[in-house]
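*Asks:* Just so we're aligned, residue 1211 is where the sequence shown starts under our numbering, counting upward by one.
For each residue, glycine too, the CB sits at the ideal point set by N, CA and C.
I'd like to ask you about the structure that follows.
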Amino acid sequence: MKTFSEVKNNATDESRFSVVYRITCDNKTKVEEIAKDITFEQTVEVPADCIPEHVLKSGIIGNVESITPSKIINKYDVAISYRCAITDYAIPQLLNVIFGNISLKNNIKVIGLDFPGSYLDQFQGPKNGIDIVRQKTGAQNRPLACTALKPMGLSVLELSAMAGAFAKGGVDLIKDDHGISNQPFHPFKERVSKCQEAVNRETARTGKNTIYCPMVSGRFDEIEEQVAFAASAGVHGILIAPMLVGCDTVRYISEKYDMVVIGHPSLTGTFFNDPDHGMAPSVLLGTIFRLLGVDINVFPNFGGRFSFTMQECIEIACALKDPLGNIKSAFPCPAGGMSFDRIPNIAQDYGVDTVILIGGSLMQHGNDIAESTKLFMNKIKEQFRQAVTD
């Protein structure tokens, strides 16, 4: 395999990747015009008569590979290929090529990506992936269980006591609520130290591995400092929201630090709310977040307090787990208002390689958080009783 520098500096590399856009339009002739416009808008961004001949021959401009009527009326699936080299083999420019300027237009939705293996080789993706996360938690042959420290505004003492209770109950993963950052009422360093200490005390008693994942956010110059501090405090995972801190920030953190990375979908909703424009959830929360290096990705499950459909959720899970070159698979983590009685359905819908996240409903179940957590764990194990070994 060529190194990153060899590929990046190879000006003759003519390999291409494809983007499938679903264009909403009332006639095919107009679709052809829109498709051609995309090929220029996303690359050279000038009229055809302003482009030098050598640029036209270089393959830099996007190429319309196919236009196929969708099963949905007035919608066409348009496959456009781009030369891999124009992405600089970097996440920001890749996103810019896929959907940069045309995100400002209407009726264009990214529904699929197809990369050659040589391109995917330039991205690490999840450092751990499903198998290593299982090794680190000791959880085999069943979905993993995750819960959340909340609400915002609790003291460090209250949050650390809650973390200890979750660990006492045997949960696999504890994450901060994504709204908990470095606020003065629970500052990052104190909160992370105390919560990890509480988890350590309980896991030393139970022998069960529980990974605490604090939320990493804040100013750009603070983000890596927070991750480095967490690592020094014995923390083995983080929660991070790519659209809040920047997608390539997540890629950098995932590559540099040996952390289980949980991705959060905050601020992604604007890509999904218009059914005719944006990105399919499976593209952004599945393929792209996996390229960034998330080991586990949280997304709103259907039937909860958000509006994703069952099909959209299953497609996200598939994009996180299905083969993608040499990039490791990541855990889907359906969430958003899930309760104990949904556990059998979640297990059936997503299978064994899933992280089941229950937060508020676990806290509502009873006053003894440790006992409620034990019940949460038992309900998951009941669904896979014959296969569970931990």
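#1: Give the straight-line distance between the Cα atoms of Met1362 and Ile1433, rounded to the nearest whole angstrom.
#2: Under the DSSP definition of a beta bridge, which residues are partnered with Asp1287?
#3: Whose C-beta lies closer than 6 Å to the C-beta of Ala1527 among residues of the same chain, with five residues either side of it excluded?
#4: For the 8 Å Cβ check, are there 3 or more pairs between the region 1405-1424 and the region 1358-1374?
#5: Which parts of the region 1507-1582 are runs of the alpha helix (DSSP H), unbroken and 4 residues or longer, counting only runs that do not cross its ends?
#6: Could you tell me how far apart the beta carbons of Ile1270 and Arg1293 are, in whole angstroms, since I believe they sit closer than 8 Å?
#7: Would you mind reading off the limits of the alpha helix (DSSP H) that contains Tyr1329?
#8: If we ignore side chains and look at the alpha-carbon of each, how far apart do Ile1590 and Pro1353 end up?
#9: Locate the beta strand (DSSP E) running through Lys1385, then write down its first and last residues.
#10: What number of angstroms, rounded off, separates the C-alpha of Met1211 from the C-alpha of Gln1332?
#11: Specify, as a first and last residue, the run of the beta strand (DSSP E) that Lys1319 falls within.
#12: If distances are taken between C-alpha atoms only, which option among Gln1303, Pro1491, Glu1263, Asp1223 comes closest to Gln1252?
#13: Just how far apart, CA to CA, sit Ala1451 and His1388?
#14: DSSP beta-bridge partners for Thr1357?
#15: What would DSSP say about Ala1221, mapped onto helix, strand or coil?
#16: Can Thr1357 and Leu1567 be called in contact, C-beta distance under 8 Å?
#17: Distance cutoff 8 Å, beta carbons only. Does Gly1570 sit that close to anything in chain B?
*Replies:* Quick answer:
#1: Roughly 20 Å separates the two Cα atoms.
#2: Arg1232, Thr1278
#3: Pro1542, Tyr1560
#4: Counting Cβ pairs under 8 Å, three or more are found: they touch.
#5: 1520-1531, 1553-1560, 1570-1575
#6: 6 Å
#7: 1327-1330
#8: 7 Å
#9: 1383-1386
#10: Because the pLDDT of Met1211 is 44, which lies under 50, any placement of that residue in the model is unreliable, and the number read from its coordinates should be weighed accordingly. Rounded to the nearest angstrom, the two C-alpha atoms are 10 Å apart.
#11: 1318-1324 is the span of the beta strand (DSSP E), which, as asked, contains Lys1319.
#12: Gln1303
#13: 8 Å
#14: Ile1384
#15: Reliability of the predicted coordinates at Ala1221 is poor, the pLDDT of 48 falling under 50, and the value obtained from them is presented with this limitation in mind. In the structure shown, Ala1221 sits in coil (DSSP, three-state: anything other than H, G, I, E or B).
#16: yes
#17: No chain B is part of this structure, which consists of one protein chain only.
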